[in-house]
Each structure stands twice: as C-alpha cells, then as structure tokens.
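Enquirer:
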Amino acid sequence: IIHSDKELNFKFSGNPKEHLILDSGASAHIFNDAWFFENLEMGSFKEIKTGKQGATLTIRGRGTVRLTWGKTRISLENCLFVPDIVINLISASDLTSKGCTLIAKDSTFSIRSEA
Numbered sequence: 001i002i003h004s005d006k007e008l009n010f011k012f013s014g015n016p017k018e019h020l021i022l023d024s025g026a027s028a029h030i031f032n033d034a035w036f037f038e039n040l041e042m043g044s045f046k047e048i049k050t051g052k053q054g055a056t057l058t059i060r061g062r063g064t065v066r067l068t069w070g071k072t073r074i075s076l077e078n079c080l081f082v083p084d085i086v087i088n089l090i091s092a093s094d095l096t097s098k099g100c101t102l103i104a105k106d107s108t109f110s111i112r113s114e115a
C-alpha cells in the first residue's frame, strides 16, 4: 500500500477476505468484517443481490468505515456490513459522486481527493 496526503494506492495479496476491490457495479461500499467499521449499527436490513442469478446476501448492519495508512485517512459512510460476502467492495460510483478521482491498473487502484 502506497500513500500520500491526497492519494491512496491499494495493492493486495494474501487472504481474499481482507481484500478491497474497486467495483464499478457496486452501488454501496460493502465489508465482510465488523473490525473494518468505526461505528456500526446492527439490525435487520434488506438483502443485496449478487452477480450470481437469483442469489442474495443479508445485510447485517450499516455504518462508517475509516481506512488509515500512515497520515492518510479515508472515511466511507453508509457502508454495508455483509458477513457472507467473500471480498470487500469499494463502490467506484459512490466515490466519484463525492468528487474523488479513481485510477486502476493491474491489481492496483488509487483514489485521489480534491478536498
């Protein structure tokens, strides 16, 4: 993982349950473990559809995820807690709607914020 004040670069290997995947098709940020969350409201929420026809996963909570590398932090609001999802998803459309610029190449992606 490489970081600077206004840019985060991600590159992962190892345990897929810990990976963060930039997903252009995801409508929300989705995480599979409660430890990712700075605050988490557990409850009964709707299900999400997966890429497999007819398959759904249950949303167990919603909250804010704060990812930190050195002095660089990114807060992701309204993230979904879905313990059964295999890989954590970062919603590209949600980031770009908040003014971030995304760059993806090979197994790496970067998030740049103008703020």
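Numbering-wise, the UniProt record's numbering puts 71 at position 71 of the sequence shown, and it's gapless, one number per residue.
Cβ atoms here follow ideal geometry from the backbone N, Cα and C, with glycine treated the same way.
(1) Using CA atoms only, rank isn't needed, just tell me which of Thr108, Ile103, Gly63 is closest to Met42.
(2) So, for Ala55: in the same chain, excluding its five sequence neighbours on each side, which residues have a beta-carbon less than 8 Å away from its beta-carbon?
(3) Give me the Cα-Cα distance between Arg112 and Ser44, rounded to the nearest whole angstrom.
(4) Can you tell me the Cβ-Cβ gap for Ile21 and Ile90, rounded? I've got them flagged as a contact below 8 Å.
(5) Please say whether Val82 and Arg60 have beta carbons closer to each other than 8 Å?
(6) Given Ala28, which residues of its chain have a CB within under 6 Å of its CB, disregarding the five upstream and five downstream residues?
(7) My assumption, with CB atoms under 8 Å, is that Asp84 sits in contact with Leu57. Please give the rounded CB distance.
(8) My output table needs one value for Asp94: the three-state DSSP class, helix, strand or coil.
(9) At the level of alpha carbons, what is the spacing between Cys100 and Ser24?
(10) Rounding to the nearest angstrom, what Cα-Cα distance links Lys52 and Ala26 in this structure?
(11) Mind listing, in chain order, the continuous beta strand (DSSP E) runs of no fewer than 3 residues lying wholly within the segment 25 to 60?
Expert: Result, derived from the coordinates:
(1) Gly63
(2) Lys49
(3) 34 Å
(4) 7 Å
(5) yes
(6) Leu80, Ser91
(7) 5 Å
(8) helix
(9) 14 Å
(10) 14 Å
(11) 37 to 42, 47 to 49, 56 to 58
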